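Enquirer: Here it is, the structure, as structure tokens.
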Amino acid sequence: MQPTTIVIMAAGMGSRYGGLKQLEAIGSNGEVFMDFAIHDALEAGFNKAVLIIKKENEEDFKRVIGNRIENKIDTTYVYQQLPSHRKKPYGTAEAVLCCRDAVQEPFVVLNADDFYGREAYTKIHKHLTTSKDSAMVAYYLKNSLSDSGTVARGICTVDTNGYLQEVDEQLAIPKNNDYPQDTIVSMNFFGLHPEIFPLLEEGFERFLKTADIAKDEYLLPKEIDLLIKAGKLKMKVLPSNDLWHGITNPEDKDTVISAIRKIEATGKYAGI
């Protein structure tokens with residue numbers, strides 16, 4: 000079986016939520032988002048997991064989930080450090096760059112606090128094992144909003160061949176917005192190859208020279224947008240009809256738990 004890796008970005012601060020939402024129990028047996036992600040990834044054919052965390056949270060991650068998933072999948076931890084001059088890490092593109100020494104195979108990268116649905120993992124694994132192009136599982140905006148506050152989404156423009164042309168990162172989209180509800184959006188679910196790492200290194204060097212490094216973020220959708228426009232990256236868009244479930248604001252938790260209970264009732268996650 001071709002090696003493929005699931006990379007989970009779990010070093011975020013949860014500033015809008017007010018805590019480590021990556022470790023919030025949402026399943027009926029105390030499962031967190033990452034339990035469902037690992038389960039779906041294994042079902043799709045992935046055979047390695049890399050968790051990007053803050054070093055000081057490693058004990059908590061191992062206690063809540065790591066000690067269990069290590070029995071199911073080859074698991075590696077990498078650390079995204081918090082610079083002394085910042086209140087939070089540099090961002091999602093730098094998070095991916097942190098795992099350049101741990102990943103030498105095609106990989107999917109995703110958020111630790113989102114439930115994406117099984118279709119996403121199946122589609123991205125098939126693509127990564129049959130194509131040299133990168134890919135993104137995209138969602139419809141109407142299926143990816145929060146009832147209790149704003150969300151960050153990448154508004155996507157797709158060409159007639161199904162390839163991504165542009166990502167316009169919007170950091171605060173409310174439930175009631177002016178976008179068409181069938182707008183395609185990025186949810187940080189990207190299928191990539193190791194060749195992305197030198198490109199991200201170049202981009203991070205540029206970021207450090209030109210950005211306000213005390214507060215600006217080196218964001219993966221934004222960097223992918225720049226790479227596409229520079230002709231350095233091709234990214235196939237794989238639409239998903241699944242509903243996104245995630246915790247952006249504290250009020251989202253009860254809604255997510257209710258949605259997960261309905262999904263669990265289908266039997267898809269028995270014995271997770």
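In numbering that gives the first Met the number 0, the protein residues as written are 0 to 271. In this text, a Cβ means the ideal position worked out from N, Cα and C, and glycines have one as well. On a predicted model such as this, the values are computed, not experimentally measured, just so you know.
What residue does the beta strand (DSSP E) around residue 47 start on, and which one ends it?
Expert: Per DSSP, residue 47 belongs to the beta strand (DSSP E) from 47-52.
Enquirer: Would DSSP call residue 84 helix, strand or coil?
Expert: Of the three classes helix, strand and coil, the one that applies to residue 84 here is coil, per DSSP.
Enquirer: Do you know offhand how far residue 75's Cα is from residue 61's?
Expert: Each residue's alpha carbon lies about 11 Å from the other.
Enquirer: Please identify the residue among 79, 92 and 43 whose C-alpha is closest to the C-alpha of residue 56.
Expert: The shortest Cα separation from residue 56 among 79, 92 and 43 belongs to 79.
Enquirer: Which residues mark the beginning and the end of the beta strand (DSSP E) in which residue 185 is found?
Expert: First-last of the beta strand (DSSP E) with residue 185: 183-191.
Enquirer: Once the 5 residues before and after residue 258 are set aside, which same chain residues still bring their CB inside 6 Å of it?
Expert: Counting only Cβ-Cβ distances below 6 Å, and skipping sequence neighbours, we find 244.
Enquirer: Indicate whether residue 51 and residue 7 have their beta-carbon atoms separated by less than 8 Å.
Expert: Yes, the Cβ-Cβ distance between residue 51 and residue 7 is below 8 Å.
Enquirer: Count the other CB atoms within 10 Å of the CB of residue 193; is the residue buried (16 or more) or exposed (fewer)?
Expert: Exposed.
Enquirer: Tell me residue 73's beta-bridge partners as DSSP assigns them.
Expert: In DSSP, residue 73 forms a bridge with 47.
Enquirer: Considering only the beta carbon of each residue, do residue 255 and residue 188 sit closer than 8 Å?
Expert: Not closer than 8 Å, so no.
Enquirer: Can you find the residues in the same chain that come closer than 7 Å, C-beta to C-beta, to residue 14, ignoring five residues on each side of it along the sequence?
Expert: Caution is warranted here: a pLDDT of 44 is assigned to residue 14, below 50, making its placement in the model unreliable, and the coordinate value is therefore given only provisionally. 87, listed in sequence order.
Enquirer: Since residue 215 is in the beta strand (DSSP E), which residue starts that stretch and which ends it?
Expert: Run containing residue 215: none; DSSP gives neither H nor E here.
Enquirer: Helix, strand or coil, according to DSSP, for residue 137 in the structure here?
Expert: Strand, per DSSP.
Enquirer: Who pairs with residue 114 in a beta bridge, going by DSSP?
Expert: 244, per the DSSP bridge assignment.
Enquirer: By DSSP, does residue 16 sit in helix, in strand, or in coil?
Expert: Low confidence applies to residue 16: its pLDDT is 44, below 50, so where it sits in the model is not reliable, and the reading given next is rough at best. Residue 16: coil per DSSP, three-state reduction.
Enquirer: By Cβ distance below 7 Å, which residues in the same chain neighbour residue 77 in space, the five residues on each side in sequence not counted?
Expert: For residue 77, where only same-chain residues beyond five positions count, the Cβ hits under 7 Å are 49, 51, 97, 98 and 101.
Enquirer: Classify residue 116: buried if its beta carbon has 16 or more other beta carbons within 10 angstroms, exposed otherwise.
Expert: By the 10 Å Cβ count, residue 116 comes out buried.
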